[in-house]
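Residue numbers (the working numbering): 33 to 98.
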């Protein structure tokens, strides 16, 4: 289900005119870095945040972005 949700987010970003890349910070990944003429946004997609470990894994890359 998570991959399907990521695909939906990716396609919607493209539809809205963003260029989309996957971000990497050391050994961690940000699902999407989306840019257009006016904005740069970082997006992490998660279907279910069921444990503290999952929450840490999903949010830690975003917290490292200056």
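All residues carry an ideal CB built from backbone N, CA and C; glycine is no exception.
Near residue i, which residues of its chain fall below 7 Å by C-beta distance, leaving aside the five closest residues on each side in sequence?
i, result
"residue 94", "62, 74 and 76"
"residue 67", "50 and 51"
"residue 38", "63 and 77"
By the DSSP assignment, the alpha helix (DSSP H) with residue i in it spans what residues?
i, result
"residue 74", "First-last for residue 74: 72-75, but that is the beta strand (DSSP E), not the alpha helix (DSSP H)."
"residue 93", "84-95"
"residue 80", "Per DSSP, residue 80 belongs to no alpha helix (DSSP H) and is neither H nor E."
"residue 42", "34-47"
Counting only the same chain and skipping the five closest in sequence on each side, list residues whose C-beta sits under 8 Å from that of residue i.
i, result
"residue 90", "76, 78 and 81"
"residue 92", "60"
Please state the DSSP three-state secondary structure of residue i.
i, result
"residue 56", "strand"
Looking at residue i and the ligand GTP, is the gap between the Cβ and the nearest heavy atom below 7 Å?
i, result
"residue 84", "No copy of the ligand GTP occurs in the structure displayed, which carries no ligand at all."
Short of 6 Å in beta carbon distance, which residues of its chain neighbour residue i, apart from the five on each side in sequence? Order them along the chain.
i, result
"residue 53", "65"
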